[in-house]
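Colleague:
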Amino acid sequence: MVYVLRRYDIAAVMHFAGYKAVGESVANPLKYYRNNLDSTLGLLEAMTTVGCQKLVFSSSATVYGDPATVPITEDFPRQHTNPYGHTKLMIEDMLAASCAANPAWAVAVLRYFNPVGAHPSGLIGESPNGIPNNLMPYITQVAAGQRPQLQVFGDDYDTPDGTGVRDYIHVLDLAEGHVAALNALLQSGQSLTVNLGSGRGHSVLDVVRAFELTSGCAVPYQIMPRRPGDVAQCYANPGLTYQLLGWTAHRTLEEMCGDAWRWQGLNPNGYQ
Ligand SMILES: O=c1ccn([C@@H]2O[C@H](COP(=O)(O)OP(=O)(O)O[C@H]3O[C@H](CO)[C@@H](O)[C@H](O)[C@H]3O)[C@@H](O)[C@H]2O)c(=O)[nH]1
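Letter 70 of the sequence shown, counting from 1, is numbered 70 in full-length UniProt numbering, and no numbers are missing.
#1: Name the two residues that bound the continuous beta strand (DSSP E) containing H250.
#2: So is the beta-carbon of L266 under 8 Å away from any non-hydrogen atom of ligand 1?
#3: Taking the alpha-carbon positions, what's the W105 to I10 distance?
#4: For A46 and S58, I'd like the C-alpha separation in whole angstroms.
#5: Compute the Euclidean distance between the alpha carbons of V194 and T40, then round it to the nearest angstrom.
#6: What does the alpha-carbon distance come out to for the pair P120 and D75?
#7: Taking Cβ to Cβ, would you say Y84 is nearer than 9 Å to Y19?
#8: Return the residue from the list Q233, G145, Q187, E176 that minimises the CA-CA distance to V204.
#9: Buried or exposed for M256, going by 16 or more other Cβ atoms inside 10 Å?
#10: From the DSSP output, in three-state form, read off N269 for me.
#11: Please report the residue range of the alpha helix (DSSP H) in which K88 lies.
#12: I'd like to confirm something about C234: is its beta-carbon nearer than 8 Å to some heavy atom of ligand 1, or not?
#13: Can you give the Cα-Cα distance for L240 and A260, rounded to whole angstroms?
#14: Using alpha carbons as the reference points, say which of V116, I223, A175, V22 lies closest to Q151.
#15: In its own chain, which residues sit with a C-beta less than 6 Å from the C-beta of A117, not counting the 5 before and 5 after it?
#16: Nearer than 8 Å: is that true of the beta carbon of Y32 relative to any heavy atom of ligand 1?
#17: Compare the Cα-Cα distances from A61 to each of V26, C52, R111, Y32 and report the closest residue.
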């Protein structure tokens with residue numbers, strides 16, 4: 001890594017790499033601590049060696065744990081409910097300590113809410129290994145006939161229709177948030193921590209309906225018990241992000257569904 005940073009005179013790094021499946025992290029915590037923490041330490045040490053001190057980090061709304069209220073602002077207390085979330089929280093702390101120790105460091109911590117969708121070309125998308133953990137790829141596989149039905153995890157939450165509410169954000173909006181954060185780091189040299197969410201909450205059944213309307217395909221589903229570790233509601237207040245970066249998510253849930261469906265249709269087996 002030191003070689004690459006020096007060879008190409010890298011001015012800033014975007015650090016996306018990490019394991020991200022909540023359930024797997026509960027079953028195999030050491031795998032998560034080893035991979036997510038070690039890789040970040042290695043990167044930070046290499047950056048320190050070459051004097052590269054600007055970093056954009058993929059954090060997650062999971063650092064808010066089960067929020068007392070919604071929408072969530074960046075000053076909400078942080079907590080973790082699983083080892084995956086713990087690694088994100090620990091990395092945020094490592095980065096804060098590095099910035100405190102050396103003011104030349106500038107870090108943008110981006111707390112993602114629920115990224116979904118695909119590139120509108122249908123050429124770049126999500127390719128889960130095995131059974132998808134997340135809602136959108138599961139829905140597209142049901143609509144494509146690869147799985148018999150969606151399992152909806154709980155309809156007895158304290159939400160408008162009883163199903164879990166999340167802040168879905170199109171991956172292209174997310175990508176644009178990174179560009180805005182990088183430009184801010186390069187221009188101001190100031191660290192920042194912001195939410196990357198749309199500020200809108202959608203229930204599981206909202207997503208199913210939007211997908212059916214957009215794709216014209218039925219998504220049969222069955223109500224199941226709650227999934228352990230899930231929270232009722234999680235959506236962002238993106239006000240600070242707009243204030244600091246001039247960024248806001250503008251793509252609709254229908255665009256997220258349409259682009260996910262195009263990707264699925266053109267790549268029924270993902271990247272395999
Ligand atoms: O087959 C499924 C999958 C999901 N859900 C529900 O759909 C919603 C969204 O679930 P999912 O897509 O798995 O996302 P989250 O559990 O909200 O987790 C995502 O968002 C977190 C931050 O909030 C990140 O930390 C995680 O990495 C990321 O997977 C939740 O209410 C789930 O209960 C179902 O009902 N059936």
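Here a beta-carbon is modelled for each residue, glycine too, at the ideal position from N, C-alpha and C.
Modeller: This is what the structure gives:
#1: Taken as a continuous stretch (DSSP letters only), H250 belongs to no beta strand (DSSP E), as it is neither H nor E.
#2: Look at L266: its beta carbon is at least 8 Å from all of the heavy atoms in ligand 1.
#3: Their Cα atoms are separated by approximately 14 Å.
#4: As the crow flies, the alpha-carbon of A46 is around 18 Å from that of S58.
#5: Cα-Cα distance, rounded: 20 Å.
#6: One C-alpha to the other measures close to 34 Å.
#7: Yes, Cβ-Cβ distance for Y84 and Y19 is below 9 Å.
#8: With distances taken between Cα atoms, V204 lies closest to Q233.
#9: Buried: at least 16 other Cβ atoms inside 10 Å.
#10: Of the three classes helix, strand and coil, the one that applies to N269 here is coil, per DSSP.
#11: Where K88 is concerned, the enclosing alpha helix (DSSP H) stretches over 83-101.
#12: The nearest non-hydrogen atom of ligand 1 is less than 8 Å from the C-beta of C234.
#13: Their Cα atoms are separated by approximately 28 Å.
#14: Nearest of V116, I223, A175, V22 to Q151, Cα basis: I223.
#15: Going by the sequence as given, residue 117 is Gly instead of Ala. So the list reads H170, V171, M256, D259, A260, once near-sequence residues are dropped.
#16: It does not: the Cβ of Y32 is nowhere closer than 8 Å to a heavy atom of ligand 1.
#17: It is R111.
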